[in-house]
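FYI, the numbering for the sequence shown is 73 to 191, going by this note's numbering.
Using N, Cα and C, we set each Cβ at its ideal position, and we do this for glycine too.
Okay, structure first, notes after.
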Amino acid sequence: MNVVVFGASGYVGGRLIPVLLKRGHRVRAITRSAASLDNHPWRADVEVVTADLFEPASLTRALDGMDVAYYLVHSMEQSNFADLDRKAAQALADAAATAGLNRIVYLGGLGQGSLSEHL
């Protein structure tokens, strides 16, 4: 399966990618800065594509030929964390619909209850 991982340079992405590779998937690692992946032991085994969730053209390129997307991204912005996360997730959903990709695995951090204010 052709798998694209948004948030490849993060904690979860950096641990998910080796598992996907071990299971025989072709992995495209998405990051805003290719250099952020240079120290990962799996770097040579993935296709690295730079993209930004707020630049639609880069999402088209990132999703081309993919079967499933893992969305492991979250904003580090303090003031409007939830709003930025919603907009970024919607941008990926819109690009995925245009690309004909119908499976997104979404790791979210927003929720209800007595969580911290930014969650």
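DSSP three-state assignment for Arg95, whether helix, strand or coil: coil
Spatial neighbours of Asn74 in its chain, beta-carbon cut-off 8 Å, leaving aside the 5 residues before and after: His97, Arg98, Arg100, Gly137, Met138, Asp139 and Val140
Ala168, enclosing alpha helix (DSSP H) - first and last residue: Phe153 to Ala171
Supposed contact pair Phe126 and Ala168 - C-beta distance, whole angstroms, cut 8 Å: Not quite, the Cβ-Cβ distance comes to about 15 Å (not below 8 Å), so this is no contact.
Distance CB(Gly85)-CB(Leu144) smaller than 8 Å: yes
Beta strand (DSSP E) segment containing Ala141, residue limits: Val140 to Tyr143
Thr120: first and last residue of the uninterrupted beta strand (DSSP E) it sits in: Note that residue 120 corresponds to Val in the displayed sequence, not to Thr. That run of the beta strand (DSSP E) goes Glu119 to Thr122.
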